[in-house]
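In the numbering used here, the protein residues as written are 128 to 1317.
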Amino acid sequence: MGENLLRDHHALLNKGKENEMDIFGYRTQGCRKALCVAGYILSCGALLLVFYWKPEWDVWANCVPCDLEESDVVLLRTTDEFQKYTRKKVIWLDLLRLLDSEKLDHILSTDRDSVLSKAVKKPDMKVRYIQVQKVRYVWDLTEKQFQRVGSLEDSNTCYEIHRKFGDGLTRKEKALRRLVCGPNAIEIEVRPIWKLLFKEILNPFYVFQAFTLTLWLVQGYIEYSTAIIILSIISIALTVYALRQQSVKLHNLVEEHNRVQVTGWTKHEGSCQLESCYLVPGDVLLLEGRKIALPCDAILIDGSCVVNEGMLTGESVPVTKTPLPHTDDTLPWKVHSMEDYRRHVLFCGTEVIQTRRAGKGPARAVVLQTGFNTAKGDLVRSILYPKPLNFKLYREAFKFIICLALIGILGLIYATCVYVSHKQSVADTVAMALVLMTVPVPPAIPAALTTGIVYAQRRLVKKKIFCISPQRINICGQINLVCFDKTGTLTEDGLDLWGVIPCQKRSFQSVHSFSGGCPLPWGPLCRAMASCHSLLVLDGKIQGDPLDLKMFEGTGWEMEESGPEDGETSAPQSCTIVRPGAAASQAPVESIAILHQFPFSSSLLRMSVITQELGKVVCDLYMKGAPEMVASFCKTNTVPKHFQAELEHFTSQGFRVIALAHKELSVGKGADLDNLERDKVESGLTFLGLLIMENRLKSETKSVLEELSGARIRSVMVTGDNLQTAITVAKNSGMISSGSKVILLEASEPEGPDPASITWRLMEEMHYADEIKDPSITIESSDPVGPDSSFHFALNGKSYQVLVKYFSSLLPKVLLNGTVFARMSPGQKSSLIEEFQKLDYYVGMCGDGANDCGALKMAHAGISLSEQEASVASPFTSQIPNIECVPELIREGRASLVASFSVFKYLVLYGMAQFIGTSLLYWQIQLFGNYQYLIQDVCITLVVCLTMSLTEADPKLAPYRPPGRLLSPPLLLSIVLNVCFALAVQVFAFLFVKQQPWYSELRSHSGCPIGNQPVSPGNGTANSTAQEHSILSYETTTLWPIVTINCMIGAFVFSKGKPFRKPIYTNYIYSCLLCLQLGVSLFLFFADLEAVYKGMELLCTPAIWRVYVLLMLLVTFSVSLIVEDGILQNRRLWLLIKALFQFRSSSRYRKLQRQLEKDAKWPPMNQRDFAEDRKVEAYINPIYEDEEEN
């Protein structure tokens, strides 16, 4: 029974997905709740505050564990390393208030397999649900778990979607779904200021600060406490203002799409206009002519659409969407369409800019997902609930704060013992012990750690680099590997048409060059180039993929959108017509209609169109795509014998090569082209020839890659292009240096009895007698390769997939030297990033945002090259469309990281120096004065924290990274040694001042001692009748300047400049303020002005003693500077120590490097290896798949 309870008490929410959580069931118990309420009252709300910080304690105290089915409260826990808890109330939904029982039974019986039907509890007709991160989860009575609602089930086949939802939903079905799924709206509440204020005030550090200030006020530190209160109010006000502005901005961003007027279809009733917030999953949308911003995710079932997906991808190239086929298949619709399923989905937030009718009716789409379940909703949720960053700096900073808190507790014990031994009152003892406990933990630590990030983000904005996840800036400082997309990233986005090579009778003909302005002769190749594309006419202008545009322009043909009245074709209501232009060669046809399109897919590597010449009955199919892929669909007797050699001849020079093919197609008049099966029509083609396009490098590419290489940051190319082209671009850009070996990996799936295999082939330089030279293409000659030269692996997506599936132990070794990954699908790109991260690389990814969305999100730092200010495709967006943003981001990341360490070290030193000084004064029942604390905390520490991080990044990338850990030996020793120096000088000064002949324990303001004369009642320093003072003493007067100037010494010494930041003197504001602080402090100490001493509660000391104090500080400064710069920041010394003690990096990729250096057989060359075991399961990258679904 206990085991069953334990099992039913706990389950997984969103199992196997990125946002997976543990969910536990609890039931509220009356007596427990009553005890907790009593605890709230007796503790004056302190217990309630603790439960606010720790929701799991709240649940454990108020509730008892039970089955999830019986629970009224659930406790959610993230399954990542952070194990964050959230409390949620289970809500009951009464459906009978909407519909009577008979109608409800009828509605639910129509689709018994849906989550909706399984969630209704009979006969009560109630539904239990929870809302987690804006998404509803209903209790599935059959599966006994909470299931997500707000979207159609993925288990539906193509046929079922058409059959169940093609005619729309009835009014009652819509009402039921709306009640259970909620409104179709991405509602972001503009949070009231009072809520934001309370949330900020209840932050543990502000509560700690309030506690500290209360203690100081009780002790009479009015001015100091008032100053801190004012600063805290300003800080809270600024934070609340920023949060409010962000809330308003996000609200305005999504609100306009919540009330879009759309045309829906109701079963048995017909079409009607309605607000988009009333849409439900399964509704039918009618897409008529006009432009519309999509308010939901929808599956296109009739007609076709052209959509601008710039909001999702950052790339504003129009995308053509095709209807979901009517295939009678048992496979779920997404599985049936594979990665191509996105071609049928209209995503929320994207804009429909053109629709094409299907037969007599308008284009239709079935609502797939609503509200926060949509693609846009998912992206908004990622902003509202960002994934916690597992970065060592923040975890170790928290550990440090715990250590400081423990030191504070030791201080509390020490203070208690001292005050008890001096027979002080209980009230004084408790108050002063608590005061000392608060000293070593500066409440400003969390805020100070973010100042470097804030300033770095501002500098990035000036350089046109925008960020939606500022916490990632520090992580950029640790990047040691960057993956680059090729086309549009390393090379120019727009390709230039170089020439075509026609094919006749299994042999290539002479090259037709476009450079001379001679039009392409009429023939099958010309027809293919004029019609096989995804271009369209928008606002009188031809738009679409840049490659398609260049190809079409090369034909000299023209394009227009037209209807069937323009010719006797089997065209749909509207289609694209192409006709010869004035610059085209003479053609025997008037025009060609493009009737249907099978769009390009990065997984299929091809596209095709069905066309019809004006006046003809027969249709034609033209295919365009990757040469190897297109050749595989052609009749063998039409593919040239030297196809592979000719292909390599051009790809090895860096050309982009595309193949074209054709076949005649017999389709009956009035045939439904939308339901033609692609695999059947795309077969038995005739090979037409090759289209050659120039793929020029961007002018900045080579210098940036050289800079990264000089900084020892690996560069990797991840592209969907041809392998040979990618290798050539890698060589020309310097990614593969001259003299390096390139080893091609070709992996094969198991065939019959043979297991999976992998072939290692050393790539040799190819030379051709009739090599085509072109000034825009650089061919580097390789020097002879020596036995110790570096090597690079190059492979395609298919081989990578085989490696992942059958050679998992070999994959890390290949990744260690893998430089070129070609023909990679979006899913494979994401998988590759993840595999690099498993080797402990900090990975950056730079792409154009189109096919790289998954990889950009997966990387530690994804940079999308987009004209938009903030593309949701990645954490960083660069409006400057080249890779110069990559070293810029790394520079700022390093500067921000170093600044965070510097500020943190300073705050620890400041807290500990103040703690040591206060502890020494406690020994004689004394404290620093009100204004003394005020100068240390506000005039020095606050200013340092705000200005230290203003130092800009050094323009040169150093060949090593800054430490990424607070607990690394140099940083830890820096803090410990500087605290020890502070301790030594303060203890020495405290004891040494007592040995002076003019020293007296009695204190009052009565002038200065005369020279070094001993104290006497008449010498003007003390009076035998003077009472003891809690602040005035020679010890306080000695320790205050030492502690104060020690803080400035730390601020200067910790302001690390080279090699990651510019020198300290370039930070003019910080340098000037530091000098001003030092001048004011020395003036207060050396002034000899009675008014100054009285105001600062200091005693006048002999000039020689003040010189002694100054010498102590100079010695402290010299020792601290020498130790910090000469030893702790001396990289060569640390490398020597590491070598001496044989310390090795624990990173997985470093360990693997050391292993392979000892392996004489690595790398393998010109051999074939077989897999030891045959795995049958396919590799799926769960994170990518999840993103694709959303």
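No residue lacks a Cβ here, since even glycine has one placed at the ideal position from N, Cα and C.
Sequence-distant residues of the same chain with beta carbon closer than 7 Å to residue i, five excluded per side
| i | result |
| --- | --- |
| LEU344 | SER352 |
| LEU624 | PHE641, LYS677, MET678, GLY681, MET820 |
| TRP1050 | VAL545 |
| TYR582 | SER1076, LEU1077 |
| GLU876 | ALA883, VAL929 |
| THR1045 | LEU563, VAL566, LEU1054, PHE1055 |
| SER658 | VAL705, ILE719, ILE721, VAL736, THR738, TYR749 |
Cβ separation of residue i and residue j, assumed to be a contact under 8 Å, to the nearest whole Å
| i | j | result |
| --- | --- | --- |
| ILE529 | VAL479 | So it is not a contact: roughly 55 Å between Cβ atoms. |
| VAL705 | MET686 | 5 Å |
Outcome for residue i when other beta-carbon atoms lying within 10 angstroms are tallied against a minimum of 16
| i | result |
| --- | --- |
| GLU1251 | buried |
| PRO250 | exposed |
| GLN1204 | buried |
| THR703 | buried |
| PRO1082 | exposed |
| GLY157 | exposed |
| MET862 | buried |
| LYS142 | exposed |
| TYR806 | One detail in the question is off: residue 806 reads as Asp in this sequence, not Tyr. Classification of ASP806: exposed, given that the 10 Å Cβ count is below 16. |
| ASN146 | buried |
| ILE960 | buried |
| GLN1063 | buried |
Nearest candidate by alpha-carbon position, reference residue i, set the options
| i | options | result |
| --- | --- | --- |
| GLU804 | ILE669, THR1163, PRO452 | PRO452 |
| ASP149 | GLY166, ARG214, LYS1285, VAL164 | ARG214 |
| ILE600 | THR682, ALA1026, TYR468 | ALA1026 |
| VAL843 | ASP185, LYS613, GLU834, VAL1106 | LYS613 |
| ILE785 | PHE814, LEU800, ASP207 | PHE814 |
| PHE474 | LEU1069, HIS384, GLN210, ALA369 | HIS384 |
| THR618 | LYS825, ASN859, TYR1049, GLU183 | LYS825 |
| ILE721 | GLY708, LEU732, MET750, ALA710 | MET750 |
| PRO646 | GLU680, GLN1041, LYS632, HIS660 | GLU680 |
| ILE534 | ALA560, SER552, SER509 | ALA560 |
| GLU791 | SER548, GLN739, GLU961, LEU531 | GLN739 |
| THR366 | THR390, HIS395, ASN330, GLN346 | ASN330 |
| GLY924 | LEU871, THR501, GLY847 | GLY847 |
| TRP219 | TRP180, PHE209, PHE1270, TYR264 | TYR264 |
| THR578 | SER398, LEU1024, LEU358, SER1273 | LEU1024 |
Close Cβ partners of residue i (< 8 Å) along its chain, the five nearest in sequence each way excluded
| i | result |
| --- | --- |
| ILE349 | ASN1057 |
| ASN283 | LYS291, PRO459, TRP460 |
| THR449 | LEU427, SER431, ARG470, HIS471, GLN724, PHE725, PRO726, ASP801 |
| ALA753 | LEU732, ARG733, ILE785, ALA786, ASN849, ARG950 |
| VAL553 | none |
CB contact flag (residue i, residue j, <8 Å)
| i | j | result |
| --- | --- | --- |
| TRP266 | GLU196 | yes |
| THR855 | SER779 | yes |
| ILE819 | PHE777 | yes |
| TRP1261 | PRO1097 | yes |
| LEU406 | ASN311 | yes |
| PRO1002 | LEU992 | no |
| LYS1185 | SER1101 | no |
| PRO445 | LEU663 | yes |
6 Å CB neighbourhood of residue i in its chain, flanking five on each side removed
| i | result |
| --- | --- |
| PRO363 | Position check: residue 363 holds Ile in this sequence, whereas Pro was assumed. GLU327, listed in sequence order. |
| PHE1297 | PRO882, SER884 |
| GLY945 | PHE920 |
| GLY615 | ASP975 |
| GLU833 | GLY861 |
| SER565 | Per the sequence presented here, residue 565 reads as Thr, with Ser not at that position. Excluding positions up to five away in sequence, the list reads THR339. |
| ARG318 | SER374 |
| LYS1278 | none |
| ASP221 | LYS253 |
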